[in-house]
Amino acid sequence: MSFLRAAFACTTGLLSRGSTFAFAHPPPMMSMQVRDMGYKLKTKSAVKKRFFVNANGHIKRGQAGKRHLATDKSRQRIRRLGQAATVTGQIKKNILAMLHN
């Protein structure tokens, strides 16, 4: 029992004297605080899958209405629905905000 007290007194004495004991000072990376780094904004995965930003800043999107029920639609309409369209106006600003580009 007295041996344990002596060992405890020895280790507490090392810590209180400021020596380089293993648990006295954590490594510098462990003491870094997360709140100083800020928050990383994430891209909306649904927007990432549906829209493409060109080099000139225009946003391309696919058109709806071609997947099914095409028997009532003309050939010209089906061909036109297969081509990409561009996004403009306020919706373009909203999409760019969700992409964080």
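Going by the UniProt record's numbering, the first residue of the sequence shown is number 1, and it counts up by one from there.
Note that the Cβ used here is the ideal one computed from N, Cα and C, for glycine as well.
Since we're looking at a predicted model, the values are computed, not measured.
For residue j and residue i, the rounded distance between their alpha carbons
i, j, result
"S74", "A85", "19 Å"
"L69", "I78", "11 Å"
Backbone secondary structure at residue i - three-state DSSP
i, result
"K66", "coil"
"A85", "strand"
"K92", "helix"
Residue i, buried or exposed, once every other Cβ within 10 Å from all chains shown has been counted against 16
i, result
"I59", "buried"
is_contact[residue i, chain B] using C-beta, thresh 7 Å
i, result
"V47", "Reference to chain B is not applicable here, since this structure consists of a single protein chain."
Distance CB(residue i)-CB(residue j) smaller than 7 Å
i, j, result
"V47", "L81", "no"
"F52", "I95", "no"
"R61", "V87", "yes"
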